[in-house]
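Colleague: Have a look at this one before I ask anything.
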C-alpha cells in the first residue's frame, strides 16, 4: 500500500531480493535490557534466512542464540531521497547440525582469515517487511508515516 | 577498551563527532510489540541530541513522542573491514516549545519542500556508545564480541 509520504511497502520476494544486494546489515537485539545494534556482514540463504558467521566464543553468538532478533539492511541516497529498507524478524540460532554447517560452509563465501573457531548463525525470516523510499518530502524524514 | 575481534570502543565526544558526519541514521523503536527500524535523515544538536524533522501527523511522530528509543548510524566498508557504528539511546520528544522550535528552525537546514506541517523530534543523548571497526577477522562478523 502506498502511503502519502513517498514510501511504498514492498512484498516479501522484493524484500529478499534487495536484502541480498546489501554489503552489510544490522542486528537489533537486547543487551542488558537496552537495545543493541551491531553492523555485520551477512548472507541470505535460499529460504530467505539471514546468515551470519561469527566467532563461536563471542558474546554476540551467546546473545543471539535462541532469541528473536531483528535484522535490518538499507540503501538510502539522502540527496536523492530514494532507497529502500528491509527488516527481517525471527528467531536466531547457532547452527549446531554438522551437515547443515557443512552445507553453509560450501555455499557461503569462505572466511578470508579463519583465525579461530567460527559458527554460523541463522535468523529465520519469520517476518519480512520493507519499504521503498520514493522521494520523501521532509528534510529529515526519509521514513514511513503509514 | 580494545577487544580481540578488531573493534575498539569509542568515547562520547568521538561518537558525537562521527554521528554528525553520517547522512542517515536509523531509529529503533517498538511498534505493535515488534522491533521497527526506520532510516531517517537527521541532525545533531549542540548538546549531542539527535534531531529529526518529520510530519506532525505521521504515525512515527506519535510513536516516538515520550518514549525511549535507540538511534544508530554507521559507516562500514565491508571490503576493507573498517568503519564505525554509534548508538544513541534516550527519550524522544516532539518539540512543542515555540522558542525552541524556532531555534531549531534557524539552526537546522531548511526543509526543501515544506509541503505540510512538520515537527522537530529530539532524542536526548542519555547513553552514547560506539565502536570503531579496525579489521574484523571473520567473513560475516564486523561486530563487537566484547
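Protein chains in written order, with my numbering: chain A, 126 to 271; chain B, 126 to 271.
Note that the Cβ used here is the ideal one computed from N, Cα and C, for glycine as well.
Source: prediction; values computed, not measured.
1) Tell me the DSSP bridge mates of residue 194(B)?
2) Out of curiosity, what's the CA-to-CA distance linking residue 162(A) and residue 224(A)?
3) Mind pulling the chain B residues with CB within less than 9 Å of residue 214(A)?
4) Using a 10 Å radius around the Cβ and a threshold of 16 neighbouring Cβ atoms, would you call residue 251(B) buried or exposed?
5) Do the CB positions of residue 150(B) and residue 196(B) come within less than 7 Å of each other?
6) Output needed for residue 148(B): all residues of its chain with C-beta closer than 8 Å, excluding positions within five of it in sequence on either side, in chain order.
7) Among residues of its own chain, excluding the 5 on either side of residue 265(A), which ones have a beta-carbon nearer than 8 Å to its beta-carbon?
8) Spatial neighbours of residue 201(B) within its chain, please: C-beta separation below 8 Å, excluding the five flanking residues on both sides.
9) Grouping DSSP H, G and I as helix and E and B as strand, with all else coil, what is residue 237(A)?
10) Please report the Cβ distance between residue 243(B) and residue 178(B), rounded to the nearest whole angstrom; I am assuming they are in contact, meaning their Cβ atoms lie under 8 Å.
11) What's the gap between the Cα of residue 231(A) and the Cα of residue 170(A)?
12) Going by DSSP, name the residue or residues bridged to residue 161(B).
13) Compare the Cα-Cα distances from residue 249(A) to each of 222(A), 141(A) and 213(A) and report the closest residue.
14) Could you check what DSSP says for residue 251(A) in three-state terms: helix, strand or coil?
15) What does DSSP give as the partner residue(s) for residue 144(A) in the beta ladder?
16) Measure how close the beta-carbons of residue 194(A) and residue 153(A) come, nearest whole angstrom, since I'm counting them as under 8 Å.
17) Quick one: give me the first and last residue of the alpha helix (DSSP H) that residue 230(B) is part of.
18) Here's the rule: buried if 16 or more other CB atoms are within 10 angstroms of the residue's CB, otherwise exposed. What is residue 222(B)?
19) Suppose the cutoff is 8 Å on Cβ atoms and the five residues either side in sequence are ignored; what does the same chain contact list for residue 226(B) look like?
20) Are the Cβ atoms of residue 141(A) and residue 168(A) separated by less than 7 Å?
21) Check the Cβ of residue 137(A) against every Cβ in chain B and list those closer than 7 Å, keeping chain order.
22) What separation, rounded to the nearest whole angstrom, lies between the Cα atoms of residue 229(B) and residue 247(B)?
23) Going along chain B in order, which residues have a C-beta closer than 8 Å to the C-beta of residue 259(A)?
24) The beta strand (DSSP E) spanning residue 134(B) covers which residue range?
25) Could you list the residues in the region 191-205 of chain B with a C-beta less than 7 Å from some C-beta on chain A, going in chain order?
26) Taking all protein chains shown into account, decide if residue 159(A) is buried (16 or more other Cβ within 10 angstroms of its Cβ) or exposed.
27) Look up residue 181(A) in the DSSP assignment and say whether it is helix, strand or coil.
28) Have a look at residue 182(B) and residue 190(B) and give me their C-alpha separation to the nearest angstrom.
29) Output the distance between the C-alpha atoms of residue 192(A) and residue 254(B), rounded to the nearest integer angstrom.
30) Is residue 242(A) helix, strand or coil when you go by DSSP?
Modeller: In brief:
1) Along the second chain, one-based indexing puts residue 194(B) at 69. Beta-bridge pairing links residue 194(B) to 215(B).
2) Position 37 of the first chain, counted from the start, is the residue given in the question as residue 162(A). Position 99 of the first chain, counted from the start, is the residue given in the question as residue 224(A). Going by the C-alpha atoms only, they are around 30 Å apart.
3) Counting from one through the first chain, the residue named residue 214(A) turns up at place 89. What residue 214(A) touches in chain B, judged by beta-carbon distance under 9 Å, is 159 and 160, going in chain order.
4) Here residue 251(B) is taken as the residue at index 126 of the second chain, counted from 1. When all chains shown are included, residue 251(B) counts as exposed.
5) For the purposes of this step, residue 150(B) is taken as the residue at position 25 of the second chain. For the purposes of this step, residue 196(B) is taken as the residue at position 71 of the second chain. Against a cut-off of 7 Å, the Cβ pair of residue 196(B) and residue 150(B) comes out as a contact.
6) Locating residue 148(B) in the second chain gives position 23, where the first residue counts as 1. Here the set comprises 166.
7) Taking the first residue of the first chain as position 1, residue 265(A) is located at position 140. Because the pLDDT of residue 265(A) is 47, which lies under 50, any placement of that residue in the model is unreliable, and the question is left without a value.
8) One-based indexing of the second chain puts residue 201(B) at position 76. These residues qualify, in order along the chain: 207, 208, 209, 210, 258 and 267.
9) Counting from 1 along the first chain, the entry for residue 237(A) is found at position 112. Because residue 237(A) sits at a pLDDT of 47, beneath the cut-off of 50, its placement in the model cannot be relied upon, and the following sentence gives the value as read from the coordinates. The answer is coil: DSSP assigns residue 237(A) none of H, G, I, E or B.
10) Translated into the one-based positions of the second chain, residue 243(B) becomes position 118. Translated into the one-based positions of the second chain, residue 178(B) becomes position 53. Indeed they touch by this definition, with Cβ atoms about 5 Å apart.
11) Position 106 of the first chain holds residue 231(A). Position 45 of the first chain holds residue 170(A). Roughly 12 Å separates the two Cα atoms.
12) Position 36 of the second chain, counted from the start, is the residue given in the question as residue 161(B). 154(B).
13) In the first chain, the residue the question calls residue 249(A) occupies position 124. Of the listed residues, the one whose Cα sits closest to residue 249(A) is 213(A).
14) Locating residue 251(A) in the first chain gives position 126, counting from the first residue. Of the three classes helix, strand and coil, the one that applies to residue 251(A) here is coil, per DSSP.
15) Here residue 144(A) refers to the residue found at position 19 when the first chain is read from its first residue. Answer is none; residue 144(A) lacks a bridge partner.
16) The sequence position of residue 194(A) within the first chain is 69, counting from 1. The sequence position of residue 153(A) within the first chain is 28, counting from 1. Contact flag correct, Cβ pair sits at about 6 Å.
17) Here residue 230(B) refers to the residue found at position 105 of the second chain. Its alpha helix (DSSP H) spans residues 223-232.
18) Locating residue 222(B) in the second chain gives position 97, counting from the first residue. Its Cβ having fewer than 16 others within 10 Å, residue 222(B) is exposed.
19) Numbered from its first residue, the second chain carries residue 226(B) at position 101. Excluding sequence neighbours, residue 226(B) sits near 220, 244 and 245.
20) As a first step, residue 141(A) is located in the first chain; it is residue number 16 there, counting from the start. As a first step, residue 168(A) is located in the first chain; it is residue number 43 there, counting from the start. Their beta carbons are not under 7 Å apart, which means residue 141(A) does not touch residue 168(A) by this criterion.
21) The sequence position of residue 137(A) within the first chain is 12, counting from 1. The premise fails here: residue 137(A) is roughly 16 Å from chain B at the closest Cβ pair, so nothing lies under 7 Å.
22) If you number the second chain from 1, residue 229(B) lands on position 104. If you number the second chain from 1, residue 247(B) lands on position 122. As the crow flies, the alpha-carbon of residue 229(B) is around 10 Å from that of residue 247(B).
23) By 1-based counting over the first chain, the position of residue 259(A) is 134. Identification of chain B residues near residue 259(A) by a Cβ-Cβ cut-off of 8 Å yields none; the smallest Cβ-Cβ distance measures about 13 Å.
24) The sequence position of residue 134(B) within the second chain is 9, counting from 1. Residue 134(B) -> beta strand (DSSP E) spans 132-135.
25) 195, 197, 199, 201 and 203
26) On the first chain, residue 159(A) is found 34 positions in, with the first residue counted as 1. Label assigned to residue 159(A): exposed.
27) Here residue 181(A) refers to the residue found at position 56 of the first chain. Coil, per DSSP.
28) Taking the first residue of the second chain as 1, we reach residue 182(B) at position 57. Taking the first residue of the second chain as 1, we reach residue 190(B) at position 65. Roughly 12 Å between the two C-alpha positions.
29) Mapped onto the first chain, residue 192(A) falls at position 67. Mapped onto the second chain, residue 254(B) falls at position 129. Rounded to the nearest angstrom, the two C-alpha atoms are 23 Å apart.
30) If you number the first chain from 1, residue 242(A) lands on position 117. The answer is coil: DSSP assigns residue 242(A) none of H, G, I, E or B.
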